[in-house]
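Undergrad: Using the UniProt record's numbering, the first residue of the sequence shown is number 1, and each one after it goes up by one.
Ideal placement from N, C-alpha and C gives every residue a C-beta, glycine not left out.
No experiment lies behind these values; they were computed from the predicted model shown.
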Amino acid sequence: MLPKERRDSGQNDLFRARLDQIVDMKHALARLGRAIDWRFLEERCGAVYTDAPGHPPLPTRLMAGLAILKSMHDLSDEALCERWVENPYYQLFCGEEFFRHDLPFDRSSMTRWRQRMGEEKLNALLQESLASAVRTGAAKPVDFTAAIVDTTVQPKAVAHPTDARLMHRSRERLVRLANTLGIELRQSYARVGKIALIKHQRYAHAKQFKRAGKALRTLKTYLGRVIRDMVRKAKDDAELEAAVAHELMLARRVHAGNRNLNRVKGLPKDADLRVFSLHAPEVECIGKGKAHKPYEFGVKVSVATTLNRSKGGQFVTHIQALPGKPYDGHTLETVIPAIEAQVGATLSRIIADAGYKGHNAPQTHRFKVYTAGQKRGMTEHIKRQMRRRSAIEPVIGHLKEDHRMGRNHLAGITGDAVNAVLAAVGYNFRRILAWIRFCVAIICAALALSKAQNPIFKASNPMPAIV
């Protein structure tokens, strides 16, 4: 069924007061809720549902409002549920008419809604954040005609991968799966495997690398024995072979030590099949040349922001997860059209760092892309704009530290894309919220000043004598 969207009925309850009567409607969050075009979000997000019989889904304003609040205030699903019950402004923002003392949804409903929407539909939230910025005066349409583009790494919530730990965990997962399926193994190596892992960690810490290597080979032997034992036990049973196929594939890749993967039977020859996490095999090892962090484990993300700082600050105009570790310059072919579709305007200039040299931007934008260190075609005005290129770095820092992009807990490749989009949504709406607070403070200060300068007010409230 289609979601039953909420509309303000305007009705009163004899025993309950309406939220708009008990809260301050001049509050920044209440003003932001009135500035957002919820009908647009209902049309875009409601397109994933069909009008077939079944239980009606939760209202779009409720779920979209929860997603905005979660990413804007850096909250987990559990913390957001607790705060939603306590905060009347959160309930008003999500479309409630009366204060509720219970949750009208389950925590897992937020997970299912994100999975159902996906990256494409959640981009409507990012698009609406830019429209709300223009609507509230935090930005002007001309601000979105020039962009700064850069890439960063969105780390996954995984432990630092080592060969010893991966082999140990892979053997444990195989043994657990065998117990679940009723496969009786010759030996589980639970006790001696743990001892070998502890020995490897201690020898490596003491820089006794020969002994550490011997313990690693022991772990590899245990894993190989369990793999072969499971293959023998599941042979000639199509149902068992299908049940253990995925876990055996991961175990074989780990057993190869992330080396010589082309020799592993049944694996393609040209793909990067290294495994850095067993519960998130999509994790990639990316080196960005940082001295303090040579390698990061996650996915590369392209970020585009406005070039000129508008009244409300710098806004994220586009963000996209890029699995496969593409070269930065080769991402512009898809990123530039996506930015223009998002902002609804043609880009007149794109500023990028030196990592975008040799880019493959579309032919219509080939000479609109300026990279750091470029000499040809650089006027004084463009040189001044090039000094703004580094302004994207603090934006990326805020996305990671304040909006949950520094450690992604959402599962799968879809989770990588969704988390990046929601981080940008939270950042933009937080900028708009700060702009609304600033405008309210300016108006209050102006009213206080005019009131103090009013002669009637001075006569009724004489100033005390200064001693």
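Kindly indicate the opening and closing residues of the alpha helix (DSSP H) around Phe98.
TA: That residue, Phe98, is in no alpha helix (DSSP H); it is neither H nor E in DSSP.
Undergrad: Whose C-beta lies closer than 6 Å to the C-beta of Phe105 among residues of the same chain, with five residues either side of it excluded?
TA: For Phe105, where only same-chain residues beyond five positions count, the Cβ hits under 6 Å are Leu58.
Undergrad: Tell me the DSSP secondary structure of Phe297 in three-state form.
TA: It is a strand residue.
Undergrad: For Leu322, which residues in the same chain have their Cβ closer than 8 Å to its Cβ, ignoring the five residues on either side in sequence?
TA: Correct list, in chain order: Thr151, Val299, Lys300, Val301, Ser302, Thr331.
Undergrad: Would you report the Cα separation of Leu248 and Leu223, rounded to the nearest angstrom?
TA: Between Leu248 and Leu223, the C-alpha separation is close to 11 Å.
Undergrad: Output the residue ranges of the alpha helix (DSSP H) runs that lie fully inside the stretch 329–380 and measure 4 residues or longer, sorted by chain position.
TA: Segments of the alpha helix (DSSP H) lying fully in the stretch 329–380: 332–343.
Undergrad: Suppose the cutoff is 7 Å on Cβ atoms and the five residues either side in sequence are ignored; what does the same chain contact list for Ala243 look like?
TA: Excluding positions up to five away in sequence, the list reads Leu181.
Undergrad: Would you check if the distance between the CB atom of Leu174 and the CB atom of Ala251 is smaller than 9 Å?
TA: Yes, the Cβ-Cβ distance between Leu174 and Ala251 is below 9 Å.
Undergrad: In its own chain, which residues sit with a C-beta less than 8 Å from the C-beta of Asp13, not counting the 5 before and 5 after it?
TA: Within the same chain, Asp13 has close Cβ partners Phe98.
Undergrad: On a Cα-Cα basis, can you pick out the residue from Gln453, Lys311, Thr414, Tyr427 that is closest to Glu120?
TA: Here the closest residue by C-alpha is Thr414.
Undergrad: Does the Cβ of Asp270 have 16 or more other Cβ atoms within 10 Å, making it buried, or fewer, making it exposed?
TA: Reliability of the predicted coordinates at Asp270 is poor, the pLDDT of 47 falling under 50, and no value is obtained from them.
Undergrad: Can you name the start and end residues of the beta strand (DSSP E) that His318 belongs to?
TA: Its beta strand (DSSP E) spans residues 316–322.
Undergrad: State the start and end residues of the unbroken alpha helix (DSSP H) segment that holds Ile436.
TA: Taken as a continuous stretch (DSSP letters only), the alpha helix (DSSP H) holding Ile436 covers 412–453.
Undergrad: Do you know how far the Cα of Gln187 is from the Cα of His403?
TA: When rounded, the distance between both Cα atoms is 46 Å.
Undergrad: State whether the stretch 80–89 contacts the stretch 442–449, with contact taken as three or more CB pairs (one from each stretch) at a distance under 8 Å.
TA: With a cut-off of 8 Å, the stretch 442–449 and the stretch 80–89 do not count as touching, because too few Cβ pairs lie within range.
Undergrad: Report buried or exposed for Ala17, applying the criterion of at least 16 other Cβ atoms within 10 angstroms of its Cβ.
TA: Per the 10 Å Cβ criterion, exposed.
Undergrad: Does the Cβ-Cβ distance between Ala133 and Ser348 come in under 9 Å?
TA: Not a contact, by the Cβ cut-off of 9 Å.
Undergrad: CB-CB under 7 Å to Asp353, same chain, minus the five flanking residues each way: which ones, in chain order?
TA: Excluding sequence neighbours, Asp353 sits near Asp150, Thr371, Ala372, Arg389.
Undergrad: Just verifying my parser: in three-state terms, what is the DSSP assignment at Gln154?
TA: Residue state, collapsed to three classes: strand.
Undergrad: Would DSSP call Ser310 helix, strand or coil?
TA: Correct three-state label for Ser310: strand.
Undergrad: Hey, how far is the Cα of Ala465 from the Cα of Gly313?
TA: Legend: pLDDT at Ala465 = 38, less than 50; position of this residue unreliable, value from coordinates given subsequently. Roughly 44 Å separates the two Cα atoms.
Undergrad: Could you compute how far the alpha carbon of Glu241 sits from the alpha carbon of Val231?
TA: Rounded to whole angstroms, Glu241 to Val231 spans 8 Å at the Cα level.
Undergrad: I need the DSSP call for Val231, collapsed to helix, strand or coil.
TA: Residue state, collapsed to three classes: helix.
Undergrad: Does the stretch 64–84 come close enough to the stretch 416–430 to have 3 or more Cβ pairs within less than 8 Å?
TA: Verdict: yes, contact present.
Undergrad: Measuring straight from C-alpha to C-alpha, what distance separates His160 and Ala280?
TA: Computed Cα separation, rounded: 13 Å.
Undergrad: Using the Cβ count rule (16 or more neighbours within 10 Å means buried), how would you classify Ala324?
TA: In the sequence as presented, Ala is not what sits at residue 324; that position holds Gly. That one is exposed.
Undergrad: Where DSSP assigns a beta bridge to Val149, which residues make up the other side?
TA: Paired residue(s): Ala304, Ala352.
Undergrad: Check whether the Cβ atoms of Leu216 and Asp143 sit closer than 9 Å, and answer yes or no.
TA: No. Outside cutoff.
Undergrad: Is Met117 buried or exposed, if buried means 16 or more other CB atoms sit within 10 Å of its CB?
TA: Label assigned to Met117: buried.
Undergrad: Between Asn360, Val343, His318, which lies nearest to Asp328 when the distance is taken from Cα to Cα?
TA: Checked all of Asn360, Val343, His318; the closest Cα to Asp328 is Asn360.
Undergrad: Mark Leu433 as exposed unless 16 or more other C-beta atoms lie within 10 angstroms of its C-beta, in which case mark it buried.
TA: So Leu433 ends up on the buried side.
Undergrad: Could you check the C-alpha separation between Ile36 and Cys94 for me, to the nearest Å?
TA: Their Cα atoms are separated by approximately 11 Å.
Undergrad: Tell me whether Asn419 is buried or exposed, calling it buried when 16 or more other Cβ atoms sit within 10 Å of its Cβ.
TA: That one is buried.
Undergrad: Could you pull the DSSP bridge partners for Glu284 from this structure?
TA: For Glu284, which the question treats as bridged, DSSP gives the partners Gly298.
Undergrad: Would you mind giving the Cβ-Cβ distance between Ile351 and Leu399, rounded to the nearest angstrom? I have them listed as a contact below 8 Å.
TA: At roughly 18 Å, the Cβ-Cβ gap does not stay under 8 Å, so Ile351 and Leu399 are not in contact.
Undergrad: Let me know the alpha helix (DSSP H) ranges lying completely inside the UniProt domain "Transposase InsH N-terminal" (18–116), each 4 residues or longer, listed in chain order.
TA: Taking only runs of at least 4 residues, the alpha helix (DSSP H) segments lying wholly in the UniProt domain "Transposase InsH N-terminal" (18–116) are 19–22, 28–35, 38–45, 60–72, 77–86, 88–93.
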